Amino acid sequence: MRNGGNAHDAGSGRSARHEERRTGQMKALSGIWQRRRHKRSGPLLAIVMLASGGLANLVFAPFFLLFLLPLCWGGLYFVARQRQPAAAAAAGFWFGLGHFAFGLSWIAEAYRMRADIPDWLGPPSVLALALYLACYPALATGLFAAWRRYRPAGGMVDILVFAGLWALAEYLRGTLLTGFPWNPLAASLAFSALSLQPIALIGPHAMGLLLVLWAILPVEALMPTSPAGRGKRAWLWLAVVALPVAVAAFGWWRLPSRQAPTLPEVTLRLVQPNTDQRHKWDPDRRGRHLAQLVDLSRSLGRPETERLIIIWPEAAIPEYRFADQPGRRALIMRMLPPHSILIAGSPRVAAAANGTIRLFNSLLVLGGHGEILARYDKRHLVPFGEYLPARPLLAAIGLKKLTEGTLDFSPGTTPAVLTVPGLPPFAAFIRYEAIFPESAREARREGGAFLLNLTNDAWFGLGAGPHQHFAMARMRSVETGLPLVRVAQTGISAVIDGWGRVRVRIPLGQRSARDAALPGPAASPLYARLGEGIFWGLLILIFLLAIMAGVRYSKSE
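With this note's numbering as the guide, the letters of the sequence shown map in order to residues 2 to 558.
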């Protein structure tokens, strides 16, 4: 019996080894087949990812089609979790290329505004920018696929890791190389004040992380190979429902039922001239444009309040020496309603200590006699718009900055928070400075009572760009609890209270002037006090969970 048992054991051992070899061969063949299948599907996948990335722009202003979040970001997650790191990074790159090439196509409109710059340079410039920005989604999906190789079992940790990596890549996009935080995922909530309230608590980056998480939960729940049982899948679907409900409930709870109190002694007059950018710098039309601004400023008469603050948009006075001409400033103030204060954008030249000429994109606050009460020089300049990076190299091949003139703008050093007699302290932002959350938080810390954003979105026509710019500026009011006063050359001009509610609005493409009261600030939100602390805390927690899950998986193997 013992010999028979030994023979049986030996036979069983040979059978087991044979089965192991057979299983290994099958896995190898399966891997070869999967690689060949993925290679054959590469061009088709690239097209699908390009289209998906382009479609993803519809979740932002002016469309806000949030149901596309699971389709686009969930689809990217589905692809990335089944690919090797290089292939997953390629999928993320194609998704990002489609997303940014289509989403930023309005930038090409700016090349039509200067006669000395060929129109055809617009699309290649947008493509070059999109090629760079697409590297960030590629980084997120490539790292996620590398993580999947380390721990391929799937489950909730995968979802958290993907969401964390995407949010981290989005943060880096807004920070590295001067930063370009255009359309963070949280901007998809800017369709109402109610939906924006969570960013007052956790900030835009943490909210973006939660939105990605929400977008990919249905994919994981529907995954046929998901290790989650029926009960766990039920929890996933419950989470899909819970996040929108929680956002709405928190917004309803946080929004006050009454309008915020206003400063009774101050009237703001928003002046939107709707000037055609192609003719703005024409010397023969300069007088006509100034007359339009003055007429709009006078059209509503003198309000009953003690102080009238007239606000013109960025570069409303396109004269480089205007700040050095007291007589001309006084003449303009005499044409405005008496006892007014004028806040207007105007470029400014100044001589540096070494004798060189410096150019600034400035905001001037003028008193009743034309005296300069305060000045702000733009600090965060637009690459290729206000200055040409690597000028010796790029100028040699014929590239120019988009704004008028050949001299690059210089970044300002003046404080962002200005103090003007009769007004609460306010923080000034010129054009796209308002898309940077940290600048608005800094203004709150330095004692600003409201945010003032002068901009000229006429460069970008009447497409999606101005709507998206407005949505991101609106987010700053919720994040800081500070009212936002925004005046744009062609729109959208508005007064927004510290909860993100639009009190007064002049639509895009309309020539108009509107009077508005200045809302008081809301209490300082948690995000304004902690900054990105909650975001970094969530990322650290996610990556600690990922490490622990990876260690457990290695031990189980």
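Don't be surprised by glycine CBs; every beta carbon is placed ideally from N, CA and C.
Keep in mind that this is a model prediction, so the values were computed, not measured.
Which class does residue i belong to by DSSP, given the choice of helix, strand or coil?
i    : result
L545 : helix
F451 : strand
L527 : helix
R115 : coil
L239 : helix
I373 : strand
R571 : A question about residue 571 goes unanswered here, because the residues of the chain that appear run from 2 up to 558.
L519 : strand
I497 : strand
F410 : strand
L424 : coil
P484 : coil
R477 : helix
G538 : helix
V383 : coil
A191 : coil
Q26  : Only weak support exists for where Q26 lies, its pLDDT of 49 falling under 50; the coordinates are left without a value.
L166 : helix
A135 : coil
Q469 : helix
E405 : coil
T179 : coil
F437 : coil
L173 : helix
L185 : Position check: residue 185 holds Pro in this sequence, whereas Leu was assumed. P185: coil per DSSP, three-state reduction.
G559 : In the structure as shown, the chain starts at 2 and stops at 558, and residue 559 therefore has no counterpart that could be examined.
G462 : coil
L105 : coil
G156 : coil
R442 : helix
By Cβ distance, which residues of its chain are closer than 6 Å to residue i, with the 5 residues on each side in sequence left out?
i    : result
L140 : A170
L105 : V127
R380 : P412, G413
R115 : none
I108 : V127
L190 : S196, L197
P520 : A261, T263, P484, D498
V80  : A92
A164 : L210, V213, L214
L394 : none
L456 : The question names Leu, yet the displayed sequence has Thr at residue 456. E315, R432, A489.
Just list the residues that DSSP pairs residue i with in beta bridges.
i    : result
S513 : Q273
D378 : S363
R234 : Per DSSP, none; premise fails for R234.
F430 : N454
R506 : A495
L419 : F427
Y388 : P384
A489 : T456
Thinking residue i and residue j are a contact (beta carbons under 8 Å), I'd like their distance in whole angstroms, please.
i    : j    : result
G510 : L463 : 5 Å
A324 : R349 : 5 Å
P547 : W148 : According to the sequence shown, residue 547 is Ala rather than Pro. Indeed, because the Cβ distance is near 7 Å, the residues count as touching under 8 Å.
L210 : E221 : That belief does not hold up - the Cβ atoms of L210 and E221 are roughly 16 Å apart, past 8 Å.
V213 : L177 : That belief does not hold up - the Cβ atoms of V213 and L177 are roughly 20 Å apart, past 8 Å.
V421 : A428 : Not confirmed; about 12 Å, so no contact.
V366 : I344 : 5 Å
G54  : W95  : 7 Å
R270 : I310 : 7 Å
A465 : L452 : In fact, because the Cβ distance is near 23 Å, the residues do not count as touching under 8 Å.
D409 : Y377 : With 8 Å as the limit, D409 and Y377 do not qualify as a contact, their Cβ atoms being about 19 Å apart.
Please work out which residues of its chain come closer than 7 Å, Cβ to Cβ, to residue i, disregarding the five sequence neighbours upstream and downstream, and give them in chain order.
i    : result
L132 : L98
L122 : Y112
L195 : A249, G252, W253, L256
G448 : V418, P426
V60  : L66, L67, L69, L70, S189
Using 8 Å as the limit for Cβ to Cβ distance, is residue i near chain D?
i    : result
K281 : No chain D is part of this structure, which consists of one protein chain only.
Is the beta carbon of residue i within less than 7 Å of some heavy atom of the ligand ATP?
i    : result
R149 : Of the ligands one can find in the structure shown there are none, so the ligand ATP has no counterpart to examine.
Excluding the five sequence neighbours on either side, which residues of its own chain have a C-beta within less than 8 Å of the C-beta of residue i, listed in chain order?
i    : result
S300 : A514
G288 : none
Restricting to runs no shorter than 3 residues, where is the beta strand (DSSP E) found entirely within the region 341 to 367? Segments of the beta strand (DSSP E) lying fully in the region 341 to 367: 341 to 352, 358 to 367.
Kindly provide the ranges of any alpha helix (DSSP H) runs that are 4 or more residues long and lie completely inside the region 34 to 95, ordered along the chain. If we require 4 residues or more, the alpha helix (DSSP H) runs fully inside the region 34 to 95 come out as 43 to 56, 69 to 81.
With a floor of 4 residues, list each alpha helix (DSSP H) that falls wholly inside the region 256 to 340, ordered by position along the chain. If we require 4 residues or more, the alpha helix (DSSP H) runs fully inside the region 256 to 340 come out as 287 to 299, 327 to 336.
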